[in-house]
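Trainee: Those letters in the sequence shown? Residues 15 to 427, per my numbering, in order.
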Amino acid sequence: MLPKWPNPTTTPDRRIVPLPLTAAGRSCLLPPPPESFSCTEGIFLRSTAAQDLPSECGSLRTSIDLFISRDRHPLVQLLSCCESAMGSRLQSLKFDTLSGMFHTATQMAAGRGISQLLKKAFCNHPSGSSLLSSNLINHKESFGFIGLRALSILGVGASGLLSFATIASADEAEQGLEAPSYPWPHAGILSSYDHASIRRGHQVYQQVCASCHSMSLISYRDLVGVAYTEEETKAMAAEIEVVDGPNDEGEMFTRPGKLSDRFPQPYANEQAARYANGGAYPPDLSLITKARHNGQNYVFALLTGYRDPPAGVSIREGLHYNPYFPGGAIAMPKMLMDGAVEYEDGTPATEAQMGKDVVSFLSWAAEPEMEERKLMGVKWIFLLSLALLQAAYYRRMKWSIFKSRKLVLDVVN
């Protein structure tokens, strides 16, 4: 198949003059291009100096323009045609200039593969005067632009990947490592809280977390029937002292805690909390699993994710490295250690067990109505299913009679 000429532009003086060879050779030559053409799809090879041709070539003394297409390269065809047309006379010609010219042209048009093929074709010919002295009307800018465009695309792609990796690393360092997903037993549609785990989690909070973190939205009475009996909860509340008043004399007084009292605050105000913790403010844990992205998983990963800082990462004095915390440096030291709490039911107090239990307790504190909500959802689904069956029955057995009725109007009578 002959190469396709490009769309015409403005160079009407360039043409291809067929070589006056034998019929076998002439049949292999390219047809003349249109009067004008564009070199965006190839280059042109021209020889206009008749004195450059040896006398043995005879009628080959003419002007030759060769279009080298990117889709199909006719240089190899031209060589084979010349060899078949001129026979042994071509063997005595000297191919130094021709070989160099074709090497340069094919290096740009066809790449290194065609260039190596042409080198093999000319390596056995003797050297001497040149057959064709080529003058590349190369439009090298076209091929140079293609090469630069390819390199630009590769460069942009590589820089984009590096930029994405840099942004991802910076985002990971700024936002913290994404917490993995854990199979929480209360996460199912029909699942409920593990109340034994809630009781153990409250014990962990009371002995480990309550010294710094408050739970201002939780009252002691909320624990009744969930983790403790009423008597146990009253005894627990009576252990604290609450400032109340004023009394009849207008003075404030302290009294033992009651079921209606909220959990005690570890600090009088925010300024006192920051002063005691080196400028960091311990957040309230009442809604912590709802207030953080990927709440339960994040809290568990944060409590159990303390590591030594990697090489090249320096942590300021008073901070601790935790990859799950935004920025990687957290003021809270590692609090959960094996054996830090002695469970009442004899469960081994490992770091992971304590983390699971305290997260279960915090999840219940953030959503104490979860079990009732799920139960109400099941009831509504059951009632709506009955209503759907009733609607389907009435549509099929009652309304179908009216929908299938055909009314005929006798307009004549």
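No residue lacks a Cβ here, since even glycine has one placed at the ideal position from N, Cα and C. This structure is a prediction, so every number in the text was calculated from the model and none was measured.
For Cys-244, which residues of its own chain have a beta-carbon under 7 Å away from its beta-carbon, when the five flanking residues on both sides are left out?
Mentor: By 1-based counting over the sequence shown, the position of residue 244 is 230. Checking the displayed sequence, the identity of residue 244 turns out to be Glu instead of Cys. Val-238, listed in sequence order.
Trainee: Between which two residues does the beta strand (DSSP E) holding Thr-268 run?
Mentor: Position 254 of the sequence shown, counting from 1, holds the residue named residue 268. Here the beta strand (DSSP E) through Thr-268 covers 267-270.
Trainee: With a threshold of 8 Å between beta-carbons, can Tyr-219 be considered close to chain D, or not?
Mentor: Among the chains in the structure shown there is no chain D, since it carries only a single protein chain.
Trainee: Which of the three DSSP states is assigned to Phe-377 in this structure?
Mentor: Mapped onto the sequence shown, residue 377 falls at position 363. Before going on, a small fix: residue 377 reads as Ser here, not Phe. If DSSP states are grouped into helix, strand and coil, Ser-377 belongs with the helices.
Trainee: Going by beta carbon distance, what residues of the same chain come within less than 8 Å of Lys-348, once the five residues before and after it are set aside?
Mentor: Position 334 of the sequence shown, counted from the first residue, corresponds to residue 348. Cβ neighbours of Lys-348 beyond the five flanking positions: Tyr-320 and His-334.
Trainee: So for Ile-344, helix, strand or coil by DSSP?
Mentor: Taking the sequence shown and counting its residues from 1, the one referred to as residue 344 is at position 330. It is a strand residue.
Trainee: Is Ala-401 buried or exposed, if buried means 16 or more other CB atoms sit within 10 Å of its CB?
Mentor: Numbered from its first residue, the sequence shown carries residue 401 at position 387. Exposed.
Trainee: Mark Ile-57 as exposed unless 16 or more other C-beta atoms lie within 10 angstroms of its C-beta, in which case mark it buried.
Mentor: Residue mapping note: residue 57 aligns to position 43 of the sequence shown, counting from 1. Model confidence at Ile-57 stands at a pLDDT of 39, short of 50, so the residue's coordinates are unreliable; what they give is reported in the following sentence. Ile-57 comes out buried.
Trainee: Among Ser-300, Ala-366, Ser-377 and Pro-278, which residue has its Cα nearest to the Cα of Asn-308?
Mentor: Counted from its first residue, the sequence shown places residue 308 at position 294. The candidate whose alpha carbon is nearest that of Asn-308 is Ser-377.
Trainee: Roughly how many angstroms lie between the CA atoms of Leu-423 and Lys-412, to the nearest whole one?
Mentor: Position 409 of the sequence shown, counted from the first residue, corresponds to residue 423. Position 398 of the sequence shown, counted from the first residue, corresponds to residue 412. For Leu-423 and Lys-412, the distance between alpha carbons rounds to 24 Å.
Trainee: Report the three-state DSSP secondary structure of Ser-399 (helix, strand or coil).
Mentor: Counting from 1 along the sequence shown, the entry for residue 399 is found at position 385. Ser-399 falls in the helix class under three-state DSSP.
Trainee: Which residue spans inside the segment 216-273 form an unbroken alpha helix (DSSP H) run of at least 4?
Mentor: Within the segment 216-273, the complete alpha helix (DSSP H) runs of at least 4 residues are 244-251.
Trainee: Along the chain, where does the alpha helix (DSSP H) containing Tyr-312 start, and where does it finish?
Mentor: On the sequence shown, residue 312 is found 298 positions in, with the first residue counted as 1. Run containing Tyr-312: 309-318, per the alpha helix (DSSP H) assignment.
Trainee: Quick one: measure Cβ to Cβ for Val-222 and Val-355, integer angstroms, because I've assumed they're closer than 8 Å.
Mentor: Working through the sequence shown from its first residue, we reach residue 222 at position 208. Working through the sequence shown from its first residue, we reach residue 355 at position 341. Sure, about 7 Å apart at Cβ, within 8 Å.
Trainee: On the premise that Ser-233 lies in contact with Ser-300, defined as a C-beta separation below 8 Å, what is that separation, rounded to the nearest angstrom?
Mentor: Here residue 300 refers to the residue found at position 286 of the sequence shown. Here residue 233 refers to the residue found at position 219 of the sequence shown. With 8 Å as the limit, Ser-300 and Ser-233 do not qualify as a contact, their Cβ atoms being about 11 Å apart.
Trainee: Would you check if the distance between the CB atom of Asn-291 and the CB atom of Leu-316 is smaller than 8 Å?
Mentor: One-based indexing of the sequence shown puts residue 291 at position 277. One-based indexing of the sequence shown puts residue 316 at position 302. No, they are not a contact pair.
Trainee: Within 7 Å: the Cβ of Ile-302 and any heavy atom of the ligand PLP?
Mentor: Because no ligand of any kind appears in the structure shown, any question about the ligand PLP cannot be addressed here.
Trainee: Please state the DSSP three-state secondary structure of Arg-276.
Mentor: Numbered from its first residue, the sequence shown carries residue 276 at position 262. Looking at Arg-276 - three-state DSSP - the assignment turns out to be strand.
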